[in-house]
Every structure is written in structure tokens, then in C-alpha cells.
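In my numbering, the protein residues as written are 47 to 157.
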């Protein structure tokens, strides 16, 4: 499959994530949109890694070039899972204290 399809899909997913972060007020939906943006970047990294690996395989069949990005994607997914865990814990504590997950209510906590 051509790389253009992956680029188009990744850009669409990233734009949906940005629109969701900028327009939504629910903290859980904002975290889901951030995860969508991270996964769009991961998809693009894997697509370019596969393309680079195929080009390197054409030159040298024993080459492992292009697999580093896939390992990097794995670490991004681990960090994203930890970020979601901490973010959801904060949201649960917020809901327990003020019975709302509306982001605009957080501005009132400053004063």
C-alpha cells in the first residue's frame, strides 16, 4: 500500500484529535482526543519505518534498518498508558470532590 494512504489517515486522525481537544469541555473526551493524536503519530512512525525498512532490505537483505521507529512507538505507547493512568486518577479525584468533569470548572479552583 502506498505511503500516501498512511499519511492521509494519520493527518485525518490528528486533525480529529485537535478539534476534539479544542472544542470539548469534558476532561475524559479531551484525554481520548490526546490519545488519538498520539496514535496518529505512532501510525505515521510505523509507516515510515516500514518504508525505510523495505528500502534497506532492497539493498542488503540482512539489514535491520528501519526497525528502530517501531521500538520507539512501543515506548510511546507505554508512556501514553502511564499518562492516561495518572490523568484518569486526577479526573476521578476531581469528580469525587466537585462532582463534575467540566474543564471550565477548574478555572474557579484558582481563586
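For glycine and all other residues, C-beta sits at the position ideal for the given N, C-alpha and C. Predicted, not measured: the structure shown is a model, and the values here were computed from it.
| Item | Value |
| --- | --- |
| Three CB pairs or more closer than 8 Å across the stretch 75-94 and the stretch 57-66 | yes |
| The stretch 109-129 touching the stretch 143-151, judged by at least three CB pairs closer than 8 Å | no |
| Unbroken alpha helix (DSSP H) run spanning residue 125, endpoints | 114-144 |
| Proximity below 8 Å, CB of residue 116 to CB of residue 132 | no |
| Which listed residue (151, 73, 139, 94) has its alpha carbon closest to that of residue 54 | 94 |
| Counted within 10 angstroms of its Cβ, other Cβ atoms place residue 127 as buried (16 or more) or exposed | exposed |
| Burial state of residue 84 (16 or more Cβ within 10 Å) | buried |
| Rounded C-alpha distance that separates residue 69 from residue 75 | 10 Å |
| DSSP beta-bridge partners of residue 106 | Paired residue(s): none; residue 106 is not in a bridge. |
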